[in-house]
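Using this note's numbering, the first residue of the sequence shown is number 2, and each one after it goes up by one.
Ideal Cβ positions, reconstructed from N, Cα and C, are used throughout, including at glycine.
This structure is a prediction, so every number in the text was calculated from the model and none was measured.
Only one structure is covered here, and it is reproduced in the block below.
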Amino acid sequence: MAKDEGAEGRPWLISCDESGTDGARYYGFGSLWMSWDRRGDFVAGIREIGVNNGINFEGPDGEAREFKWSKVKRQKLSFYTSLIDYFFARPWLSFHALVVQKATVDRELHKDFDEARRKHFTMLLANKMKRVARKHPNRRDFRAWVDPIASRYDKADEVVEIIGNNLLEQFDPKSPPRLRVTTRRSHDTPSIQLCDLLLGAVLAAWQKKVDSDGKLTVMQQIARHLGWSDLRADTPVAEPKFNVWYFYDPTKGPREIATRKTRFHPRR
2 MAKDEGAEGR
12 PWLISCDESG
22 TDGARYYGFG
32 SLWMSWDRRG
42 DFVAGIREIG
52 VNNGINFEGP
62 DGEAREFKWS
72 KVKRQKLSFY
82 TSLIDYFFAR
92 PWLSFHALVV
102 QKATVDRELH
112 KDFDEARRKH
122 FTMLLANKMK
132 RVARKHPNRR
142 DFRAWVDPIA
152 SRYDKADEVV
162 EIIGNNLLEQ
172 FDPKSPPRLR
182 VTTRRSHDTP
192 SIQLCDLLLG
202 AVLAAWQKKV
212 DSDGKLTVMQ
222 QIARHLGWSD
232 LRADTPVAEP
242 KFNVWYFYDP
252 TKGPREIATR
262 KTRFHPRR
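Shown next as structure tokens:
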């Protein structure tokens, strides 16, 4: 996590989304991180990009318009590539994702894939929060905004919060970090939408499924920032800016994806 000057003691905001719940080979979860007090700066920056590209985020009926992976079109490509540049130009923004190959999930450890996905999502949050808590010991308040979790269980967000906090208490019983999970509509939450865009690009590369030239251009834009030729890779565990964690089970066969270091150089 990049250092945010003067932010000691302030909460973190984690905006989350998921992808690949339609039976694809891989499913995954993404999280966009920033300091809680940066959320206003973030929304203002996104709106400025919209204005510069002739995009009004409020529709004629007052309903918010979304920008997300499924809506990437060549006609709005300059807007989407500007979003990618904005993310990489802001040291106080970072993205962390978990990718899971469905075939490697041990069904004996879970009731079904619904439960497995909830566990994997919670694992992503808890592991990252532990790393952040070690690096920033005075910043242990984590607030997660999640798009409605695809689950047969109506209170999946509450389950994630409870299990997440149990894991954090085991990590530090004397002064455990605290997680609060709130479900928010992505329509009304630009940070979830940007998370959707980044995660969608990553999963599309892993699934080898790109259905438009516009989406391919966005994927290439992200890869260029990372110094990669494509996005079909995971990163070292400690990669701070753009981290992809592949949930690999060595008992299921050889690892088919190589880990790559990024060559991203943040602006000083």
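Would a check of beta-carbon distances place residue i closer than 8 Å to chain C?
i, result
"Q76", "Here there is only one protein chain, and chain C is not present."
Could you give the DSSP three-state label for residue i: helix, strand or coil?
i, result
"S97", "Sequence inspection shows His at residue 97; the Ser mentioned does not correspond to that position. In the structure shown, H97 sits in a strand (DSSP, three-state: E or B)."
"S230", "coil"
"K69", "coil"
"F265", "coil"
"T123", "helix"
"T252", "helix"
Taking DSSP's pairing of strands, which residues face residue i in a bridge?
i, result
"Y28", "V101"
"Y247", "V100"
"V147", "C17, T184"
"T260", "D235"
"W272", "The question about residue 272 has no answer, for the chain in this structure spans 2 to 269."
"P142", "First, the residue type needs correcting, since residue 142 is Asp and not Pro in the sequence shown. For D142, which the question treats as bridged, DSSP gives the partners R179."
Using the beta-carbon count (16 or more within 10 Å), is residue i buried or exposed?
i, result
"V52", "exposed"
"T236", "buried"
"P191", "buried"
"R118", "buried"
"A259", "exposed"
"K262", "exposed"
"G24", "exposed"
So residue i is in the beta strand (DSSP E); what residue range does that whole segment cover?
i, result
"V182", "179–184"
Does the Cβ-Cβ distance between residue i and residue j come in under 8 Å?
i, j, result
"W37", "V133", "no"
"R179", "D142", "yes"
"Q194", "T82", "no"
"G29", "A98", "yes"
"D148", "D18", "yes"
"V219", "I56", "no"
"F89", "F248", "no"
For the alpha helix (DSSP H) that contains residue i, what are its first and last residues?
i, result
"G10", "From DSSP, G10 is part of no alpha helix (DSSP H); its letter is neither H nor E."
"I56", "Where I56 is concerned, there is no enclosing alpha helix (DSSP H), given that its DSSP letter is neither H nor E."
"D158", "157–172"
"Q194", "191–208"
"D86", "78–90"
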